[in-house]
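A short worksheet on the structure shown next.
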Amino acid sequence: MPFCLSLDINECAPAPCKNNATCNDLLNAYSCTCAPGWQGTNCEQGIAKIFP
């Protein structure tokens, strides 16, 4: 009798989010919520501030 085994691994365990971002563990994926001043998939890109 065949069966399907599904494991949900914590993708946040290796700490992929940078610069004080919050990692959100999803089903077979993750997303990062960036701190102010940061952007990118892993919050690795600084946002340039332009002053008038």
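Numbering (this note's numbering), first residue to last: 5 to 56. Virtual Cβ for every residue (Gly too), placed ideally from N, Cα, C.
Runs of the beta strand (DSSP E) spanning 3 or more residues and lying entirely within the stretch 7-36 occur at 26-30, in chain order.
The three-state reading of DSSP puts GLY50 in strand, counting E and B together. One thing to note: THR37 has its Cβ within 8 Å of the Cβ of ALA25. Within its own chain, the residues whose Cβ lies closer than 7 Å to the Cβ of ALA33, once the five positions on either side in sequence are excluded, are GLU15, listed in chain order. Comparing alpha-carbon positions, the option among LEU31, ILE54 and ASN23 lying closest to PRO40 turns out to be ASN23.
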